[in-house]
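**Student:** These protein sequence lines map, in sequence, to chains A and B.
Under my numbering, the residues of the first sequence are numbered -9 to 109, in order.
Under my numbering, the residues of the second sequence are numbered -9 to 109, in order.
Yeah, the Cβ is synthetic: ideal placement off N, Cα and C, and Gly gets one too.
Number of protein chains: 2
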Amino acid sequence: MNTINLEQKLALFSDYWSPKIIGELNGQLVKLAKFKGEFVWHKHDNEDEFFYVIKGMLKIDFRDKEVTINEGEFIIVPRGVEHKPVAKDEVSVLLFEPETTLNTGDIKNVLTKDVLEKI
Amino acid sequence: MNTINLEQKLALFSDYWSPKIIGELNGQLVKLAKFKGEFVWHKHDNEDEFFYVIKGMLKIDFRDKEVTINEGEFIIVPRGVEHKPVAKDEVSVLLFEPETTLNTGDIKNVLTKDVLEKI
């Protein structure tokens, strides 16, 4: 049972769109990720997703609007809602999601990460 | 589906040891709380608890050690583990826990909050 420092964990990786596991509780995972560029349109049929911006600015496109999440802000994307994260510049995010969550949701492509690293 | 700004939400309340609900996902609640002083020894038989320090410094006493959580750090307290949060000065924390979690766990006293406010 140790304290986890987000800055220290963020310093351990630099690859984009590849969430790292930094905690587990109640069947949920706490993850860190760095995004840059445009992700793929996808949805999660059975999982709501939490995105908290630690550093930088994240835009999420939805089919009917776009939302900007600044440092110190979060958004919850409900299950079933199509979305596409976009980061003009590098952004660091904290994610809370069920263990079952696949990063690309209902899409399988080169960005899909089936196995996540624990750091 | 809106962005939630932690600073703005923190400005909405000043009472200690009274978590506020700021998000719900996958049967879990995202909460904000301010702590000051000593809480009560307690444990949660069925829930792991996540404490992330947004501002200030939190100490958690365990039966065999004490742990300090600084700004930008979190700790996960596993179910069944007795703990007592202590804040010498005011601390603002983000909590992530199942909907079933009672703030005082297995203890019922004047600090118990059966119904949490959503802000």
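1) When you compare each of A/N(-5), A/S82 and A/K24 to A/Y6 by their alpha carbons, which one comes out closest?
2) For B/I66 and B/K49, I'd like the C-alpha separation in whole angstroms.
3) Note down the Cα distance separating A/I97 from A/K33, rounded to an integer number of angstroms.
4) Using only CA atoms, which one of A/G46, A/E87, A/E61 and A/P75 lies nearest to A/E39?
5) Across which residues does DSSP place B/G27 in a beta bridge pair?
6) A/V81 CB to nearest chain B CB: under 8 Å?
7) Is DSSP giving B/L101 helix, strand or coil here?
8) What residue from A/V43, A/T94, A/T90 and A/V105 has the CA that sits closest to B/T(-7)'s CA?
9) Quick check: what's the CA-CA separation for A/M(-9) versus A/D54?
10) By DSSP, does A/E107 sit in helix, in strand, or in coil?
11) Near A/I12, which residues of its chain fall below 7 Å by C-beta distance, leaving aside the five closest residues on each side in sequence?
12) Just to confirm, are B/D104 and B/K26 a CB contact at a threshold of 8 Å?
13) Can you list the residues of chain B that A/V67 reaches, using a CB-CB cut of under 8 Å?
14) Let me make sure I understand the geometry here. Which of B/E(-3), B/G46 and B/K74 has the alpha-carbon closest to that of B/G62?
15) How far does the alpha helix (DSSP H) with B/E63 in it reach, from first residue to last?
**Tutor:** Put simply:
1) A/K24
2) 13 Å
3) 8 Å
4) A/E87
5) B/A77
6) no
7) coil
8) A/V43
9) 43 Å
10) If DSSP states are grouped into helix, strand and coil, A/E107 belongs with coil.
11) Non-local C-beta neighbours of A/I12 in its own chain, meaning closer than 7 Å and more than five positions away in sequence, comprise I(-6), K(-1), V20, K21, L22 and I109, ordered along the chain.
12) no
13) M(-9)
14) B/G46
15) It is not in any alpha helix (DSSP H) - B/E63 instead sits in the beta strand (DSSP E) that spans E63 to V67.
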